[in-house]
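Top to bottom, those sequences are chains D and L. Here the first sequence stands for residues 1 to 252, where the numbers follow the UniProt record's numbering. Here the second sequence stands for residues 1 to 252, where the numbers follow the UniProt record's numbering. Cβ atoms here follow ideal geometry from the backbone N, Cα and C, with glycine treated the same way. Encoded as structure tokens, the structure appears first; notes follow it.
There are 2 protein chains.
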Amino acid sequence: MSTVTAMPVGPGGTRYKEVKEAMLAALTAQEWKGGEVIPSEKKLAERFGVSIGTLRKAIDELCAENILIRHQGLGTFVAQHRRDRHFFRFFRVARRDGDQTYPVVTLVNFKRAKCTPAVAARLNIDDGTRLFVFTNALALHEKVVVVDTVMLPETKFPGLTESMLRSRSNTLYNFYQDAFGINVTGTDERLRVAYASELESKLLEVDVGAPVLEVERVAYSLNQKPVEYRLTRINTEHYEYIANTTKASENA
Amino acid sequence: MSTVTAMPVGPGGTRYKEVKEAMLAALTAQEWKGGEVIPSEKKLAERFGVSIGTLRKAIDELCAENILIRHQGLGTFVAQHRRDRHFFRFFRVARRDGDQTYPVVTLVNFKRAKCTPAVAARLNIDDGTRLFVFTNALALHEKVVVVDTVMLPETKFPGLTESMLRSRSNTLYNFYQDAFGINVTGTDERLRVAYASELESKLLEVDVGAPVLEVERVAYSLNQKPVEYRLTRINTEHYEYIANTTKASENA
DNA sequence: AAGTGGTCTAGACCACTAC
DNA sequence: TAGTGGTCTAGACCACTTA
């Protein structure tokens, strides 16, 4: 093969990283939406002016981050949050005997409020910014064991209403993706012991002030911007939170 | 270039997976030890009878799993557990303000015991198997906030003594690696609220029965076999456990 | 200067899916 | 059969490290 000098690489880094960033930009701009197929590798290679191998390396990384999904013979798709796939990547509560089931979610309340300084810092927005705030009770094996309080900046979820939340047919993150084009790709969580509030004690059927496991979550979207703040409280009498550092990414 | 029919691929799967398994076997057999450099890509490609590209794909995955580390211009090395690198991958406690520091470890006691059924199930060994059991108090910012109780099967750690644990100069997992050739590559953890025992209450300076965060960990070695059982109890008054699902694997 | 890994290419062939 | 992604190859050139 002849010696072809590669196209010059921009100052940012390497060709495939540039391609990856360009694809992330296209995804953020909703050029391709959740569940849709993206153009073939051949076409994308032409579009970005790189060889198939380089294009594939960019897609490799996006797949490793669960942003794209490849299907041999079918094409490459924008990953979609679904109840039946990757749900337990974000819902990490299981019964102590290991049994994992889908929670039955009940919306307990829905209101608007202004952002407190602590939450503002986590969401990287101004103190006092208007938020949607709602609480879900999650039942496992017919009993409520998790209470979620979710806070969303109004500007990122324009037009969100209580009835939209009640009538959604899939997961919350699927709803964010379909209705607002917000693709949650990762979360940071901090866990600690906390004490049940009056509302929580009723829902969880524990005494007021009983110790519960608190999970403070910030969810990030495609462009690494925080989009959701969530405070989860779990009755760990019969259930527990599962974490791992196993990098169980690509196991055939 | 001429059309070269690739070597037949074994029934197990693909060429690069075969190469990866062969390298894992070599690592498990301690052909290359922690911190050592492995042969160059060119030599390994010759040894396994594949092209550089295929060999690289195998190494790519081993690097993604933190088993190998590449250094451009230097070579590829067997990842070594070190206090100054990847330490916080396994030590996930930080102060509530986010400050992460290295714990000061004190060995509180060391004994031998027989395995209980619950631990036997986690470690996938027989009930009653002999174990080393020891407890560490971990201080952060000059105060004990974490108490670890570690259980190791005697057969996997032959000759382990209390003084070896006291005189180790690096992390526990570094010690496993150097002294016993056991390379911890991942952990499964389950978190729940528990209540301080007498010993824990003294060390953590809380009341007996005070709620603490319990982390039950099983650590796995290169060949995915469980090698360590650990019960961690944390006083989360000023500290917390950090988890994330961000897949922050390869960020330049 | 020599050796290492890092990137990129151009193309072949295979496996899977849909029509 | 056509089109997709999956694997593999053989090699060029670049960037980094050590001496």
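Distance cutoff 8 Å, beta carbons only. Does residue i sit that close to anything in chain D?
i	result
L:Asp188	yes
L:Tyr229	no
L:Pro211	yes
L:Tyr16	no
Along the alpha helix (DSSP H) that carries residue i, what are the first and last residues, could you check?
i	result
L:Ile59	52-64
L:Glu21	15-28
L:Ala118	117-123
L:Ser167	162-167
L:Leu172	172-180
L:Arg89	87-90
Excluding the five sequence neighbours on either side, which residues of its own chain have a C-beta within less than 6 Å of the C-beta of residue i, listed in chain order?
i	result
L:Ala210	Ala196
D:Ser169	none
L:Thr28	Leu222, Asn223
D:Leu160	Phe132
D:Arg92	Tyr241, Ile242
Are residue i and residue j touching if we call contact CB-CB under 8 Å?
i	j	result
L:Glu214	L:Leu231	yes
D:Val212	D:Asn235	yes
D:Val147	D:Ala139	no
D:Thr187	D:Tyr220	yes
L:Ile62	L:Met23	For the record, residue 62 of chain L in the displayed sequence is Leu; it is not Ile. Going by C-beta atoms, L:Leu62 is nearer than 8 Å to L:Met23.
residue 253 of chain L	L:Arg95	Because chain L in this structure spans residues 1 to 252, residue 253 of chain L falls outside the shown range and cannot be described.
L:Thr185	L:Asn66	yes
D:Gln100	D:Phe88	yes
L:Tyr241	L:Val145	no
D:Arg70	D:Thr76	yes
D:Tyr176	D:Phe90	no
L:Tyr16	L:Ala58	yes
D:Ala194	L:Leu191	no
L:Arg166	L:Leu204	no
L:Val218	L:Arg122	yes
residue 294 of chain D	D:Glu189	Chain D is shown only over 1 to 252; residue 294 of chain D falls outside these bounds and no answer can be derived.
Answer yes or no: does any C-beta atom of chain L fall closer than 8 Å to that of residue i?
i	result
D:Asn244	yes
D:Glu31	no
D:Arg89	yes
D:Pro117	no
D:Leu107	no
D:Val9	In this prediction, D:Val9 has a pLDDT of 48, which is less than 50 and means its spatial position is unreliable; what the coordinates show is noted afterwards. D:Val9 does not count as touching chain L.
D:Lys20	no
D:Val50	no
Output needed for residue i: all residues of its chain with C-beta closer than 8 Å, excluding positions within five of it in sequence on either side, in chain order.
i	result
D:Arg56	Glu41
D:Arg112	Arg130, Leu131, Phe132, Val133, Glu154
D:Ala45	Ser51, Ile52, Thr54, Leu55
D:Val119	Leu131, Met151, Tyr229
L:Asn156	One point to set straight first is that residue 156 of chain L is Lys, not Asn, in the sequence displayed. For L:Lys156, where only same-chain residues beyond five positions count, the Cβ hits under 8 Å are Phe180, Ile182, Val227.
L:Asp127	Cys115, Thr116, Pro117, Ala120
L:Arg47	Pro39
L:Thr14	none
L:Ser201	Asp207, Val208, Gly209, Ala210
For residue i, which residues in the same chain have their Cβ closer than 7 Å to its Cβ, ignoring the five residues on either side in sequence?
i	result
D:Gly10	Note that D:Gly10 scores a pLDDT of 45, beneath 50, so its modelled location is shaky; the value from the coordinates is reported in the next line. So the list reads Glu18, once near-sequence residues are dropped.
D:Gln30	Gly181
D:Val78	Leu27, Trp32, Lys33, Gly34, Gly35, Glu36, Ile38, Leu68
D:Asn109	Phe134, Thr135
D:Gln72	none
L:Lys20	Ala58, Glu61, Leu62
L:Asp178	Gly34
The beta strand (DSSP E) spanning residue i covers which residue range?
i	result
D:Ala139	130-140
L:Val104	104-114
L:Glu189	184-195
D:Val78	75-78
D:Pro153	143-153
L:Glu240	239-244
L:Glu36	L:Glu36 -> no beta strand (DSSP E), and no H or E assigned at all.
D:Leu68	68-71
D:Glu216	211-221
Give a single yes or no on whether residue i has its beta carbon closer than 7 Å to a heavy atom of the ligand COA.
i	result
L:Lys202	Absence of the ligand COA from the depicted structure is noted, as is the absence of any ligand whatsoever, leaving it without description.
Please list, in chain order, the residues of the stretch 189-205 of chain D that have any C-beta partner in chain L closer than 8 Å. Only those residues of the stretch 189-205 of chain D whose C-beta falls short of 8 Å from the nearest C-beta of chain L are listed: Glu189, Arg190, Leu191, Arg192, Val193.
What residues from the stretch 159-189 of chain D come within 7 Å of chain L, judged by C-beta to C-beta, listed N to C? Residues Gly186, Thr187, Asp188, Glu189.
Near-chain L residues of the stretch 232-243 of chain D (beta-carbon distance less than 7 Å), N- to C-terminal order: Within the stretch 232-243 of chain D, those residues whose Cβ lies closer than 7 Å to any Cβ of chain L are, in chain order, Thr236, Glu240, Tyr241, Ile242, Ala243.
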